[in-house]
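Asks: Would you mind keeping the following structure in view while I ask a few things?
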Amino acid sequence: QTTRAEFDLPEYSVRRRYQDFDWLRNKLEESQPTHLIPPLPEKFVVKGVVDRFSEEFVETRRKALDKFLKRITDHPVLSFNDHFNVFLTAKDLNAYKKQGMALLSKMGESVKYVTGGYKLRSRPLEFAAIGEYLDTFSLKLGTIDRIAQRIIKEQLEYLVELREYGPVYSTWGGLEVELSEPLEGVSACIGNCCTALEELSEDMTEDFLPVLREYILYSESMKNVLKKRDQVQAEYEAKLEAVALKKEDRPKVPTDVEKCQDRVECFNADLKADMERWQNNKRQDFRQLLMGMADKNIQYYEKCLTAWESIIPLLQDKPETK
Amino acid sequence: DTSLAEVNSFSPSMPISPSSMINQYKFEDEPELRDLFITVDDPESHITAIETFITYRVVTKTSRGEFDSSEYEVRRRYQDFLWLKSRLEEAHPTLIIPPLPEKFIMKGMVERFSDEFIETRRKALHKFLNRIADHPTLTFNEDFKIFLTAQAWELSSHKKQGPGLLSRMGQTVRAVASSVRGGVKNRPEMFTEMNNYVETFSQKINVLDKIAHRIYKEEREYFNEMKEYGPIYTLWSASEEDTADSLKGVASCIDKCCKATEKRMAGLSEDLLPILHEYVLYSEILMGVLKRRDQIQGELDSKVDALANKKTEKDLFSEEIGKLEDKVECANNALKADWERWKQNMRCDMRSTFTNVAENNLRYYEECLATWESFLASQRVDLHVEEDSEDRP
Numbered sequence: 001q002t003t004r005a006e007f008d009l010p011e012y013s014v015r016r017r018y019q020d021f022d023w024l025r026n027k028l029e030e031s032q033p034t035h036l037i038p039p040l041p042e043k044f045v046v047k048g049v050v051d052r053f054s055e056e057f058v059e060t061r062r063k064a065l066d067k068f069l070k071r072i073t074d075h076p077v078l079s080f081n082d083h084f085n086v087f088l089t090a091k092d093l094n095a096y097k098k099q100g101m102a103l104l105s106k107m108g109e110s111v112k113y114v115t116g117g118y119k120l121r122s123r124p125l126e127f128a129a130i131g132e133y134l135d136t137f138s139l140k141l142g143t144i145d146r147i148a149q150r151i152i153k154e155q156l157e158y159l160v161e162l163r164e165y166g167p168v169y170s171t172w173g174g175l176e177v178e179l180s181e182p183l184e185g186v187s188a189c190i191g192n193c194c195t196a197l198e199e200l201s202e203d204m205t206e207d208f209l210p211v212l213r214e215y216i217l218y219s220e221s222m223k224n225v226l227k228k229r230d231q232v233q234a235e236y237e238a239k240l241e242a243v244a245l246k247k248e249d250r251p252k253v254p255t256d257v258e259k260c261q262d263r264v265e266c267f268n269a270d271l272k273a274d275m276e277r278w279q280n281n282k283r284q285d286f287r288q289l290l291m292g293m294a295d296k297n298i299q300y301y302e303k304c305l306t307a308w309e310s311i312i313p314l315l316q317d318k319p320e321t322k
Numbered sequence: 001d002t003s004l005a006e007v008n009s010f011s012p013s014m015p016i017s018p019s020s021m022i023n024q025y026k027f028e029d030e031p032e033l034r035d036l037f038i039t040v041d042d043p044e045s046h047i048t049a050i051e052t053f054i055t056y057r058v059v060t061k062t063s064r065g066e067f068d069s070s071e072y073e074v075r076r077r078y079q080d081f082l083w084l085k086s087r088l089e090e091a092h093p094t095l096i097i098p099p100l101p102e103k104f105i106m107k108g109m110v111e112r113f114s115d116e117f118i119e120t121r122r123k124a125l126h127k128f129l130n131r132i133a134d135h136p137t138l139t140f141n142e143d144f145k146i147f148l149t150a151q152a153w154e155l156s157s158h159k160k161q162g163p164g165l166l167s168r169m170g171q172t173v174r175a176v177a178s179s180v181r182g183g184v185k186n187r188p189e190m191f192t193e194m195n196n197y198v199e200t201f202s203q204k205i206n207v208l209d210k211i212a213h214r215i216y217k218e219e220r221e222y223f224n225e226m227k228e229y230g231p232i233y234t235l236w237s238a239s240e241e242d243t244a245d246s247l248k249g250v251a252s253c254i255d256k257c258c259k260a261t262e263k264r265m266a267g268l269s270e271d272l273l274p275i276l277h278e279y280v281l282y283s284e285i286l287m288g289v290l291k292r293r294d295q296i297q298g299e300l301d302s303k304v305d306a307l308a309n310k311k312t313e314k315d316l317f318s319e320e321i322g323k324l325e326d327k328v329e330c331a332n333n334a335l336k337a338d339w340e341r342w343k344q345n346m347r348c349d350m351r352s353t354f355t356n357v358a359e360n361n362l363r364y365y366e367e368c369l370a371t372w373e374s375f376l377a378s379q380r381v382d383l384h385v386e387e388d389s390e391d392r393p
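Encoded structure:
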């Protein structure tokens, strides 16, 4: 839904598959190489480990794709990208895709950025700092992801035990007379704790982990952008050196070297702006994530607390008289 | 927390001197004051040329007339407890003799002399003696008195005086033989019901025991993960600026929950696991008692059958049968009374155990809840502070 002039209509509804998102992301990377493109959820799924068509998987993917598009929408430059526009509006995306392939023969601005082969001597401090930060950041997130997954596994195993445990108290209760109510109570209590734990695990899997993974993927793509920036700077420096070595008395710097310099400056500016935006978003996202984590834990503990509190009166009741 | 829990001599983890027990004892079932207080403590290892074994100190305080002194302190080893149990079983075949901790622990990696193993055994032995002391019949058993009072050499010589090993084996052989001869035909309804109950109870309690152990193991694994998890957030916070405080807050929460989990595990292993295990042993004992009752009745029945075939020598047999009939009636009555007592104690034990488990869990959930709530509150405060500072021009 939009009020923007460049859209013909105020509202569009289209159907897209994962491939289309992948195509869009590639196009954005090509056409806006100096910007940080948000990550997509992983392309490949190990068959047998995850059911590609399970509701859970589809829902997790859907949320990630939704986030992907929203991030692009929020970006002051990316949101005006033509490919993005077409992605959102075209009835037949495939036709447009094929058209795009033909256009490759026209060497666009984008291709020039794929320089390669130049080696940067030293990364400017601010970008080196970013690079180091991203390394530490993705490492920590990776560790948290791994341990969180182990914790979820523990929780599921614990649930298996509880699910067997609770009912035994109930069947034992059937055998007793005076103890039957307390035993039923214990059984119900364990059942409630089970449900509460299920919900907590689900939340961790569906809301917590995907954010971690998203940021890990983000870090990876950001590191690639940093490398591209290095390439552009390296090309410029190399060409500049080549000119200096020519020992000609030309006070004027050749135009293509000037263009390189422009490219470096534009890249740096875009990247810095995007990094700031990314940091802000990251701060908000993680604040929300951590508060959500606290909230879900609180809900879990409250439910279990209530369950156990409810059986205390059952146990205090002593109907036995001598 | 002694004000909350009902202190009785069965809780071996409470202050263990008999004098403190006398002060803390609360009236339970019997209106008369208890006159026998026993503690088991101070495990010590003894190394001889042949073997190494542990002895436990058994301290008895009593006001009973039949005891020469009011205080006794002796050392006993596990073998001595086994001896006592078998003597009680012989003397009272249809009474429910409390369970002893197992001889060996094969499963798991518990060494015979690890501190944990010794402590668990000590607590169980303490319970064993106190349950006997609390039993209206067993408490006056002569062997029990000797166990509590005799010096080591006195006990050894007394042990040798009992019916020889061979005669005891003979009894066992006869017992096995009689049970092989076929099921009991005239078993009273009540004991069939008891049998059915015990079978089902045994099944349930065994399952609970197994699962409770698995649950304990799960909690330990969860604890291990959490111990690793928390510090990562702290490490991560070192490379952040604005999010650093939140991350440290989360690390602290996880750390506190970790500690709470440790306490919960301790509670489980102190309150629930020993009780479940004790009642697993009890269910075996109950089945044994019911078998012995059936045996005693079997003896009577087979003699009655034999009489039915021999029309002559009736007089000879009738005296014997009379004795057997008495024996059966005594056995049945003893079992009946003890059964009721056992059931009542079981209910009491279970209620108190479940209450402990519930309170343990409540403490755990309350602690975890509090720590996350305070974290959330601190985040909300920060948000407001941020929002306020943003509003300012």
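Sequences listed follow chains V and A, in order. Going by the UniProt record's numbering, the first residue of the first sequence is number 1, and it counts up by one from there. Going by the UniProt record's numbering, the first residue of the second sequence is number 1, and it counts up by one from there. We put the beta carbon where it would ideally sit given N, CA and C, even for glycine.
Would you kindly report the start and end of the unbroken beta strand (DSSP E) that includes Ile-285(A)?
Replies: Here residue 285(A) refers to the residue found at position 285 of the second sequence. First-last for Ile-285(A): 273-309, but that is the alpha helix (DSSP H), not the beta strand (DSSP E).
Asks: First and last residue of the beta strand (DSSP E) that includes Leu-36(A)?
Replies: Against the second sequence, residue 36(A) aligns to sequence position 36. Here the beta strand (DSSP E) through Leu-36(A) covers 36-47.
Asks: If I'm right that Ala-358(A) touches Leu-315(V) with Cβ under 8 Å, what's the distance once you round it to whole angstroms?
Replies: Residue 358(A) sits at position 358 when you count from the first residue of the second sequence. Residue 315(V) sits at position 315 when you count from the first residue of the first sequence. About 7 Å; that satisfies the 8 Å criterion.
Asks: Check Ile-54(A) in the structure and name its three-state DSSP category.
Replies: As a first step, residue 54(A) must be located in the second sequence, where it is residue number 54. Looking at Ile-54(A) - three-state DSSP - the assignment turns out to be strand.
Asks: In angstroms, rounded to a whole number, what distance separates the CA positions of Ser-70(A) and Tyr-56(A)?
Replies: Reading the second sequence from its first residue, position 70 is the one you call residue 70(A). Reading the second sequence from its first residue, position 56 is the one you call residue 56(A). Computed Cα separation, rounded: 20 Å.
Asks: Taking only three categories from DSSP, how would you classify Gly-182(A)?
Replies: Position 182 of the second sequence, counted from the start, is the residue given in the question as residue 182(A). With a pLDDT of only 46 at Gly-182(A), under the threshold of 50, the placement of this residue in the model should not be trusted, and no figure is reported.
Asks: Which one of Ala-129(V), Leu-209(V) and Lys-140(V) has the shortest CA to CA distance from Glu-228(A)?
Replies: Along the second sequence, read from residue 1 onward, the residue named residue 228(A) stands at position 228. Relative to Glu-228(A), the option among Ala-129(V), Leu-209(V) and Lys-140(V) whose CA is nearest is Lys-140(V).
Asks: Does chain V have any CB closer than 7 Å to the CB of Ser-237(A)?
Replies: As a first step, residue 237(A) must be located in the second sequence, where it is residue number 237. Taking Cβ atoms only, chain V never reaches closer than 7 Å to Ser-237(A), which makes this a no.
Asks: So, for Phe-283(A): in the same chain, excluding its five sequence neighbours on each side, which residues have a beta-carbon less than 7 Å away from its beta-carbon?
Replies: Your numbering for residue 283(A) matches position 283 in the second sequence. The sequence shown places Ser at residue 283(A), not Phe. Result list for Ser-283(A): Val-198, Phe-201, Ser-202 and Ile-205, in chain order.
Asks: My guess is that Thr-89(V) and Phe-7(V) are in contact by the Cβ rule of under 8 Å, so how many angstroms apart are they, rounded?
Replies: On the first sequence, position 89 is the one that residue 89(V) refers to. On the first sequence, position 7 is the one that residue 7(V) refers to. Indeed they touch by this definition, with Cβ atoms about 7 Å apart.
Asks: Between the beta-carbon of Thr-94(A) and the beta-carbon of Leu-335(A), is there less than 7 Å?
Replies: Working through the second sequence from its first residue, we reach residue 94(A) at position 94. Working through the second sequence from its first residue, we reach residue 335(A) at position 335. Closer than 7 Å, so yes.
Asks: So which residues of chain A does Pro-182(V) contact, with C-beta pairs closer than 8 Å?
Replies: Here residue 182(V) refers to the residue found at position 182 of the first sequence. Those within 8 Å of Pro-182(V) in chain A are Met-350, Arg-351 and Phe-354.
Asks: Under 8 Å by Cβ, that's how I've got Pro-231(A) and Ala-251(A) pegged, so tell me the actual separation to the nearest angstrom.
Replies: Residue mapping note: residue 231(A) aligns to position 231 of the second sequence, counting from 1. Residue mapping note: residue 251(A) aligns to position 251 of the second sequence, counting from 1. The Cβ separation is near 7 Å, so the contact holds.
Asks: Would you say residue 397(A) lies against chain V (beta-carbon separation less than 7 Å)?
Replies: Shown here, chain A extends from 1 to 393; a query on residue 397(A) therefore has no answer.
Asks: Nearest-angstrom Cα distance between Glu-161(V) and Met-293(V)?
Replies: Locating residue 161(V) in the first sequence gives position 161, where the first residue counts as 1. Locating residue 293(V) in the first sequence gives position 293, where the first residue counts as 1. Each residue's Cα considered, the two are about 25 Å apart.
Asks: Below 7 Å on C-beta distance, what does Thr-89(V) contact in chain A?
Replies: For the purposes of this step, residue 89(V) is taken as residue 89 along the first sequence, with counting starting at 1. Those within 7 Å of Thr-89(V) in chain A number zero; the least Cβ separation is about 36 Å.
Asks: Of all the CB atoms in chain V, is at least one closer than 7 Å to the CB of Ala-358(A)?
Replies: As a first step, residue 358(A) is located in the second sequence; it is residue number 358 there, counting from the start. Answer yes: the Cβ-Cβ gap between Ala-358(A) and chain V drops below 7 Å somewhere.
Asks: Go ahead and pull the three-state DSSP assignment for Val-177(V).
Replies: Position 177 of the first sequence, counting from 1, holds the residue named residue 177(V). Coil.
Asks: Give a yes or no on whether 7 Å exceeds the smallest Cβ distance from Cys-304(V) to chain A.
Replies: Indexing the first sequence from 1 puts residue 304(V) at position 304. Closer than 7 Å: yes.
Asks: Quick check on Lys-26(A) - is its C-beta less than 7 Å from some C-beta in chain V?
Replies: Taking the first residue of the second sequence as 1, we reach residue 26(A) at position 26. Unreliable placement is indicated for Lys-26(A), whose pLDDT of 41 sits below 50; no coordinate value is reported for it.
Asks: So with CB distances below 9 Å, who are the chain V contacts of Asn-361(A)?
Replies: The sequence position of residue 361(A) within the second sequence is 361, counting from 1. Within chain V, the residues near Asn-361(A) are Cys-189, Cys-193, Cys-304, Leu-305, Ala-307 and Trp-308.
Asks: Given a cut-off of 7 Å on the beta-carbon distance, is the pair Leu-200(V) and Lys-296(V) in contact?
Replies: For the purposes of this step, residue 200(V) is identified with residue 200 of the first sequence, where counting begins at 1. For the purposes of this step, residue 296(V) is identified with residue 296 of the first sequence, where counting begins at 1. Contact flag set, yes.
Asks: Indicate the three-state DSSP secondary structure (helix, strand or coil) for Tyr-12(V) in the structure shown.
Replies: Translated into the one-based positions of the first sequence, residue 12(V) becomes position 12. Three-state result, Tyr-12(V): coil.
Asks: Is Cys-189(V) closer than 7 Å to Trp-308(V) when the C-beta atoms are compared?
Replies: Mapped onto the first sequence, residue 308(V) falls at position 308. Mapped onto the first sequence, residue 189(V) falls at position 189. One thing to note: Trp-308(V) has its Cβ within 7 Å of the Cβ of Cys-189(V).
Asks: According to DSSP, is Lys-227(A) part of a helix, a strand, or is it coil?
Replies: Looking up residue 227(A) in the second sequence gives position 227. Lys-227(A) falls in the helix class under three-state DSSP.
Asks: Report, in whole angstroms, the separation of the C-beta atoms of residue 395(A) and Leu-179(V), which I expect to be a contact under 8 Å.
Replies: The first residue shown for chain A is 1 and the last is 393, placing residue 395(A) beyond what the model contains.
Asks: Below 7 Å between beta carbons: does that hold for residue 345(V) and Arg-25(V)?
Replies: There is no way to answer for residue 345(V), as the model of chain V reaches only from 1 to 322.
Asks: Would you kindly check if the distance between the Cβ of Glu-225(A) and the Cβ of Arg-150(V) is under 7 Å?
Replies: Your numbering for residue 150(V) matches position 150 in the first sequence. Your numbering for residue 225(A) matches position 225 in the second sequence. The answer is yes: Cβ separation under 7 Å.
Asks: Taking Asp-115(A) as the reference, which of Lys-127(A), Gly-65(A), Asp-42(A) and Lys-159(A) has the closest Cα?
Replies: By 1-based counting over the second sequence, the position of residue 115(A) is 115. Measuring from the Cα of Asp-115(A), the nearest candidate turns out to be Asp-42(A).
Asks: Tell me which residue opens and which closes the alpha helix (DSSP H) that Tyr-218(V) is part of.
Replies: Here the question's residue 218(V) lines up with position 218 in the first sequence. Per DSSP, Tyr-218(V) belongs to the alpha helix (DSSP H) from 209-245.
Asks: Can a CB atom of chain A be found closer than 7 Å to the CB of Arg-150(V)?
Replies: Along the first sequence, read from residue 1 onward, the residue named residue 150(V) stands at position 150. By this cut-off, Arg-150(V) is an interface position.
Asks: Taking all protein chains shown into account, decide if Asn-130(A) is buried (16 or more other Cβ within 10 angstroms of its Cβ) or exposed.
Replies: Numbered from 1 along the second sequence, position 130 holds the residue referred to as residue 130(A). It is buried - the Cβ of Asn-130(A) has at least 16 other Cβ atoms within 10 Å.
Asks: Along chain A, which residues have their Cβ under 7 Å away from the Cβ of Lys-140(V)?
Replies: Residue numbering aside, residue 140(V) sits at position 140 when the first sequence is read from its first letter. What Lys-140(V) touches in chain A: Ile-232, Leu-235 and Trp-236.
Asks: Check whether chain V comes within 7 Å of Ser-252(A), counting only Cβ atoms and requiring the distance to be less than that.
Replies: In the second sequence, counting from the first residue as 1, residue 252(A) sits at position 252. No, Ser-252(A) lies away from the interface with chain V (no Cβ there is under 7 Å from its Cβ).
Asks: Using the rule of at least 16 other Cβ atoms within 10 Å of the residue's Cβ for burial, across every protein chain shown, is Thr-355(A) buried or exposed?
Replies: Along the second sequence, read from residue 1 onward, the residue named residue 355(A) stands at position 355. It is buried - the Cβ of Thr-355(A) has at least 16 other Cβ atoms within 10 Å.
Asks: State the beta-bridge partners of Thr-60(A) as determined by DSSP.
Replies: For the purposes of this step, residue 60(A) is identified with residue 60 of the second sequence, where counting begins at 1. Looking at the DSSP assignment, Thr-60(A) forms a beta bridge with Ile-38(A) and Tyr-72(A).
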